[in-house]
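**Q**
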Amino acid sequence: MKKWLTVVLAVVLLLSACSSGGGNKQDSSSGGGNGGGDNGGSASGGKEAAEITIWAWDPNFNIKALNIAKERYSKINPDVKINIVENAQADIIQKLNTGLGSGTTTGLPNIVLIEDYRAQSFLKAFPDMFYELTDTFNAADFAEYKVGPTSVDGRNYGLPFDSGVTGLFVRTDYLAEAGYSPDDLQALTWNEFIEIGKNVKEATGKDMLSLDPNDLGIIRVMIQTAGKWYLDENGEKPFLAGNEALKEAFQLYKEMMEADIVKPNADWSQFVAAFNSGDVASVPTGNWINASIKAESSQAGKWAVVPIPRLAGQPGSVNASNLGGSSWYVLNVPGKEAAADFLAKTFGSDVEFYQELVTEIGAIGTYIPASTGEAYSAADPFYNGQKTIADFAKWTEDIPRVNFGAHTYVIEDILVVEMQNYLNGKPLDDALNDAQKQAEAQVR
Amino acid sequence: MDGSIQGVSVSAGKGVCITVSIRMRTRVTGWCFVIAAVVLICLFYFYPMIQAFNLSLKSGVGTNLQYVGFENYKRLFTDSNFITAVTNTFIYLIVQVPIMIILALLLSVMLNSDKLRLKGLFRTAIFLPCVTSLVAYSVIFKYLFANDGLVNLLLLRLSIIDRPIGWITDPFWAKVTIILAITWRWTGYNMIFYLSALQNIDRSIYEAATIDGASAFGKFTKITIPLLKPIILFTSIMSTIGTLQLFDEVMNITKGGPGNATMSISQYIYNLSFKYTPDFGYAATVSYAIVVLIVIFSYMQFRAAGDRR
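Line by line, the protein sequences give chains V and R.
If you read the first sequence in the numbering used here, its first letter stands for residue 252, the second for the next number, and so on.
If you read the second sequence in the numbering used here, its first letter stands for residue 54, the second for the next number, and so on.
1. List the residues of chain R whose Cβ lies closer than 7 Å to the Cβ of Ser-372 of chain V, in chain order.
2. Three-state secondary structure (DSSP) at Glu-337 of chain V?
3. Between which two residues does the alpha helix (DSSP H) carrying Ala-227 of chain R extend?
4. For Tyr-580 of chain V, list the residues DSSP reports as bridge partners.
5. Under 8 Å Cβ-Cβ, which residues of chain V neighbour Lys-370 of chain R?
6. Taking Gly-409 of chain V as the query, report the chain R residues whose CB atoms sit under 9 Å from its CB, ordered along the chain.
7. If you run the structure through DSSP and keep just helix, strand and coil, what is Ile-347 of chain R?
8. How is the alpha helix (DSSP H) around Val-162 of chain R delimited, first residue to last?
9. Got a sec: which bits of the segment 311-345 of chain R sit with their beta carbon under 8 Å from any beta carbon on chain V, in order along the chain?
10. In whole angstroms, what is the alpha-carbon distance linking Leu-347 of chain V and Leu-359 of chain V?
11. What residues match up with Ser-268 of chain R in a beta bridge as DSSP calls it?
12. Could you list which residues in chain R have their beta carbon closer than 7 Å to that of Val-513 of chain V, in chain order?
13. What did DSSP end up calling Ala-630 of chain V once you bin it into helix, strand or coil?
14. Can you check whether the C-beta of Gln-475 of chain V is within less than 7 Å of a C-beta belonging to chain R?
15. Select from R:Lys-228, R:Gly-241, R:Arg-238 and R:Ile-258 the residue whose C-alpha is nearest the C-alpha of Phe-143 of chain R.
16. Could you check the C-alpha separation between Gly-552 of chain V and Pro-489 of chain V for me, to the nearest Å?
17. Confirm, please, whether the CB-CB distance from Ala-657 of chain V to Leu-372 of chain V is below 7 Å.
18. Near Asp-332 of chain R, what residues of its chain come up, given a Cβ to Cβ distance below 6 Å and the 5 sequence neighbours on each side ignored?
19. Please identify, using Cβ separations under 7 Å, the residues of the segment 171-193 of chain R that lie next to chain V, in order along the chain.
20. In the structure shown, what three-state DSSP assignment does Ile-640 of chain V receive?
21. Which of the residues in the segment 454-468 of chain V, read from start to end, lie with their CB under 8 Å from any CB of chain R?
22. Please report the straight-line C-alpha distance between Ser-62 of chain R and Arg-76 of chain R, rounded to a whole angstrom.
23. Can you give me the C-alpha to C-alpha distance between Leu-211 of chain R and Val-162 of chain R, rounded to a whole angstrom?
24. In whole angstroms, what separates the C-alpha of Thr-288 of chain R from that of Gly-241 of chain R?
25. The alpha helix (DSSP H) that contains Ser-292 of chain R, what's its start and end?
26. Can Leu-460 of chain V and Val-531 of chain V be called in contact, C-beta distance under 7 Å?
27. Evaluate the contact criterion for the segment 309-320 of chain R versus the segment 661-671 of chain V: three or more CB pairs, one atom per stretch, below 8 Å.
28. Contact check, Val-204 of chain R vs Trp-220 of chain R under 8 Å by CB: the rounded distance?
29. Near Ile-290 of chain R, which residues of its chain fall below 6 Å by C-beta distance, leaving aside the five closest residues on each side in sequence?
30. Is the Cβ-Cβ distance between Gly-624 of chain V and Ala-630 of chain V less than 7 Å?
31. Quick one: does Val-668 of chain V have its CB under 7 Å from some CB of chain R?
32. What three-state label does DSSP hand Ile-343 of chain V in the structure shown?
33. Going by DSSP, which residues form a beta bridge with Ser-402 of chain V?
34. Using a Cβ-Cβ cutoff of less than 7 Å, which residues in the same chain neighbour Ile-474 of chain V once the five nearest sequence positions on both sides are dropped?
35. Is Tyr-329 of chain R helix, strand or coil when you go by DSSP?
36. For a contact meaning CB atoms closer than 7 Å, what does Gln-689 of chain V contact in chain R?
See below:
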C-alpha cells in the first residue's frame, strides 16, 4: 500500500513538472483563452496575418468597444481572426515591459492599449518595437491634444481612442439640500468648489468627494486646466519647483483635506463604492466614470454633469481638462499590416462605430467627425435629460494641449511623498524644491 | 578510489582491462550523476547571477542600455527612494523578526506540554496561515484593515478608540499593519521548526531541573533556548532573508503605503522595472544591494550565535 502510494506521488510530481513546461502560466484577471491567444496570435501571424491578438483592460469599456469593432470589421474582412485578451492594466504594462525588454516577440500581441501618460515612455524605451501608423489614418481627424502623446518626431504610432475629458459629476439632490442647482455650477473655480463642499457637508453631512492619497489624479486634472504638467513643454525635464499651477493645486488639495470634505479611499473599488453608496456628493474625474456611476441604477435622475472647475490663480486656466485616456498601438510583430488595417477601418474612420460606442458603452472617442452623429446629441435620462455626450464633446475641444512626457508616474510617486509631508506641515516651497531635486536625480 | 590506470593485475589479458575499466567506470559514473546537476545549477543559477551583475553595470531606458561602470552603485547612495526602502525594510526586520521568533518559541513550548489537549487542533490552526496564498491573504488583510473595515469597527464598538485608525492611510499604522500581516503568516512556520527540535530534547533534563527547583521561566531560558540555539539561528537567518526580500504583502496591502512609507526594496525593484520607464540596469543594481545586505546579516548572525564559520 505504502509502496503504491509512493509511486503515485512520484508520478504526480513528474506530471506536474512536465505540464508547466508548455505555454505560459501567466496570471491574468479573467482568463478567456489568454494562453492560446498569447502563443497562437503571433505564431500564426506569419501566415500572412490571418489572426491578430489585442490586449486591453476594463471589460465594461475597452473590451466592449473592441467587440463592437470586431463585429463591424468581420463584415468588411471576414478572413481575419481577432483574439481579444483582457488583463488588468498593471499586468499589461508589466508583460509589455518584460516582452519588449527581453527582445523576444513571441507572446506579444499585435495591438495593445496604452494609456497616454505612459505611451511616450514605451515609444522612447523600445523605439523599434512599434509599427508606424502615419499613413493608415488621418491624424487631423482626431482631437489635437491626443495626437501629441501618440507620436514621436511627427510620426504617428498610436491611434487615439478614448477621451479622458473630465467633468464634475454632481448629486443634484445633495446640492439642492444645500441650496445649489447645476446651473450655478457652470463656471466654477476650485475655491468655489471647496466652498460648495463645505456647505453641502453642513447641510447633508456628506463629503464632497473621495480621494486616494496614493493617486494624485486630481492634481493632474487641476494643472492641465492651466495647460501645465509635471514636465516642461518639451516633456523632458521635471518642472515642479516654480510651477505656479502645481503650487496652487497643492494648496487647494490641502484646503480640501482641512475642510474635511474628503472621504479617503485605498483603491478603485472603494472609490466606486463611495459614490455608489451615496457617501459623496460629487466626482471630479474623467467621463469614463460614467459606466460606474450608472451601475447604481437606483440613483437614476439624481446626477448631473457640470464643467470641471478651473484654477482661479492661473490666467488662461479653462473649465476643461483630461484624466487618463488611452490609444491603440501596433507592435512590430508579424501581423502588423492586418492589425493596422483593422484599426484604420474601425477606430480610424467609422463614424457609425463611434455612435455605437456611445449608445452601447457611453464611451466618447476623440474622432472629430463622429461628433456630428446622432448619438452625440442624445439626451440621457440618467442625468435628467442632460445631453452629456454633447457637453463632453464640447469640452474636449477646449482641453489645453500638454506634453505628458515619459515620466509621469515616477514624478507622481515623488510628489505623493512630498504631498504627505506638505499636509503634515512642511512648507510648500521646500516640498516642491525637494521633489524637483529628487525628480531630476530619478529621471534620466 | 581514484581511477588510476595502474593496478595491472597479474592474470590473463582480459583481466587487466577489466580492472582498469571498473575503476575508471566508477569514477566516470560518479561524475555523470553529478554533472547533470552541476550543469543545471551553473546554467540557471550562476549564469544569471553573472549576467545580472553585468546588467547592473549598464543603464538606460528599456533596451537602450549602455555601460556606465559603477555609476549605478554610486547612485544608490544618493537615491532617497532607495534609502527609504532600505529604512522601511530594516524597520520590518528589527521589529518583526524578534517578535515572531519569541512568539513562535513561546507557542511551541506551550504546545509541547503533555497536559494540553487538542494539541493537533492548535498546531494545525497556527500553521494554517503558512499555506495560504500570499496574495489572497494580503487582499483580505487590506479589507479587514480599511478605514471602515472590521478591525476598526470592532475597536470602535469596544470603545478602545474613538476615531477610526488609518491602518492603511497613515504612514506609521501602515507599517504596523504590514508587520502584523507578516507575523500572522510566518509564526506558525517557525513554530513547527521549534516543535520538532523540542521533541529531540530529553525529558529527563526537565525533570532534573524540576527536582532542583527551577521555575518554568528558568527552565525556558536556561534549558530550552540554549538547546534550541542551532534551530533558532537557522530560523532567524531564514526570516531575515525572507524579510529583506519582502514583496507580496507590501504590494497587495498598501502598494508601498501612503507615499513610500511602507515601500520595501523588492517593491522598489518592481517599480523600477515595470512601473516607471524601465531601467533594468539600475534595478539589477538594487537587487545586488539586497544580496550584499543578506550576506552581511547572515554573517553577523553566525558570529552572534558563536559558531565558527
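Where a beta carbon is used, it is the ideal one built from N, C-alpha and C, also for glycine.
**A** For this structure:
1. Thr-330
2. strand
3. 224-252
4. V:Val-363 and V:Gly-409
5. This structure does not reach residue 370 of chain R, given that chain R is present from 54 up to 362, and the question cannot be answered.
6. The premise fails here: Gly-409 of chain V is roughly 17 Å from chain R at the closest Cβ pair, so nothing lies under 9 Å.
7. helix
8. 133-165
9. Pro-311, Gly-312, Asn-313, Ala-314, Asn-324, Ser-326, Phe-327, Lys-328, Tyr-329, Thr-330, Pro-331, Asp-332 and Phe-333
10. 7 Å
11. DSSP, once it has assigned bridges, lists no residue as partnering Ser-268 of chain R.
12. By Cβ distance, chain R contributes nothing, its closest Cβ being about 11 Å from Val-513 of chain V, past 7 Å.
13. coil
14. no
15. R:Lys-228
16. 44 Å
17. Per the sequence presented here, residue 372 of chain V reads as Ser, with Leu not at that position. Yes. Within cutoff.
18. Leu-325
19. none
20. helix
21. Pro-464 and Asn-465
22. With a pLDDT of 47 at Ser-62 of chain R, under the threshold of 50, the modelled position of that residue is not reliable, and the figure given next carries that caveat. Rounded to whole angstroms, Ser-62 of chain R to Arg-76 of chain R spans 13 Å at the Cα level.
23. 32 Å
24. 12 Å
25. 282-297
26. yes
27. yes
28. 7 Å
29. Ser-351 and Gln-354
30. no
31. yes
32. helix
33. V:Asn-407
34. Trp-480, Ala-496, Leu-497 and Ala-500
35. coil
36. Ser-133
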